[in-house]
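Sequential numbering of the sequence shown, starting at 351, is according to this note's numbering.
Worksheet: the structure to be examined is printed underneath.
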Amino acid sequence: MLYLVPTPIGNLEDITLRAIRILKEADVVLAEDTRTSKVLFQKHGIETPLRAFHAHNEHGVTAGIVEQLQRGATIALISDAGTPGISDPGFLLVRACVQGGVPVSCLPGPTAFVPALVASGIPCDRFHFDGFLPHKKGRQTRLRYLAALPHPFIIYESPHRLPRCLEELIAACGPDRQACVARELSKLHEELHRGTLAELREYFSQQAGKVKGEIVVVVQGSA
Ligand code: SAM
């Protein structure tokens, strides 16, 4: 069995009892950055061996992992934070397992976009998740596509790109769309800034160079 195990996006208490048990019982845990995962393991007394599995080696090691699973191993996949496969490695291994007849199960658990959307105050009965926008080629096309959606959309953005991203969102969606910038969710300095795109640009342009941490942007739909 391959288990995909969501891990905290900040607060190390945000992990389920079942996730801890699966991580303890697995033969091996595949982790994006084993140093990051060791901190979580120490906090919860998990001693299972860790093996690196990340964007730079997933193509090379996937076939070997599937063989190990087919021979009967129980393997858990985690990422540095949140749910594996959501803007993180995971999909390639899941697809290879599905094709190789290996059972796959993903535990429910933390992911950054759900608390950002739900706390944004923007209707969340329907939504579109777009992850990270392309940095260069295709970025404007993507922004135009998102701007035309009738329901809210969610993107992941780095703090140093946020001011430019807000400018681009205003160019694509207009200044009056409601939006929310959720920063450092579940951490000590968690902040949710809600307002029109123009208000958010104003706020964050005054913070230029000082915005730190991890960010989710939620933008109201066009309807
Ligand atoms: N797998 C993760 C998930 O399930 O959400 C996402 C991993 S992606 C590499 C990292 C991005 O997720 C960050 O750049 C940020 O946009 C968002 N993110 C992760 N943790 C966050 C947090 N505590 N607060 C706000 N955004 C966060």
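The beta carbon of each residue, even a glycine, is placed where N, CA and C say it ideally should be.
For residue i, the first and last residue of its enclosing beta strand (DSSP E)
i	result
residue 546	541–546
residue 507	503–507
residue 401	400–402
residue 389	No beta strand (DSSP E) contains residue 389, which is instead part of the alpha helix (DSSP H) from 384–394.
residue 561	Taken as a continuous stretch (DSSP letters only), residue 561 belongs to no beta strand (DSSP E), as it is neither H nor E.
residue 538	Looking at the DSSP string, residue 538 is not in any beta strand (DSSP E), and its letter there is neither H nor E.
Endpoints, the alpha helix (DSSP H) within which residue i is located
i	result
residue 455	Premise fails: residue 455 lies in the beta strand (DSSP E), 454–456, not in any alpha helix (DSSP H).
residue 515	512–523
residue 447	441–449
residue 464	463–470
residue 481	Unbroken run through residue 481 is the beta strand (DSSP E), 478–482; no alpha helix (DSSP H).
residue 492	489–497
residue 370	367–375
residue 413	408–420
residue 570	It is not in any alpha helix (DSSP H) - residue 570 carries neither H nor E in the DSSP assignment.
Sequence-distant residues of the same chain with beta carbon closer than 6 Å to residue i, five excluded per side
i	result
residue 408	439, 442
residue 444	454
residue 497	522, 523
Given residue i as reference, the closest of the options once Cα atoms are compared
i	options	result
residue 548	389, 514, 387, 427	514
residue 405	424, 536, 436, 425	436
residue 551	512, 383, 387, 533	512
residue 357	391, 471, 530	391
residue 386	372, 376, 401	401
residue 430	383, 403, 460, 415	383
residue 531	565, 432, 352, 375	565
residue 502	432, 543, 517, 476	476
residue 399	473, 367, 427	427
residue 536	485, 355, 553, 461	461
residue 446	416, 458, 433	416
residue 458	366, 379, 560	366
residue 474	500, 485, 486	500
Residues near residue i by beta carbon distance below 7 Å, same chain, minus five either side
i	result
residue 562	509
residue 479	463, 504
residue 373	355, 379, 396, 398, 426
Residues near residue i in its chain [Cβ-Cβ closer than 8 Å; skip 5 each side]
i	result
residue 483	489, 492, 493, 505, 507, 515
residue 517	551
residue 542	466, 469, 470, 530, 531, 532, 533
residue 368	457
**OP:** Could you say if the stretch 461–474 and the stretch 395–403 meet the contact criterion of at least three C-beta pairs nearer than 8 Å?
**Re:** no
Original post:
So, do the stretch 405–422 and the stretch 355–372 have three or more beta carbon pairs nearer to each other than 8 Å?
Top reply: no
Original post:
Would you call the stretch 448–461 and the stretch 413–422 in contact, with 3 or more CB pairs under 8 Å?
Top reply: yes
Original post:
Does the stretch 506–525 come close enough to the stretch 558–572 that 3 or more CB-CB pairs lie under 8 Å?
Top reply: yes
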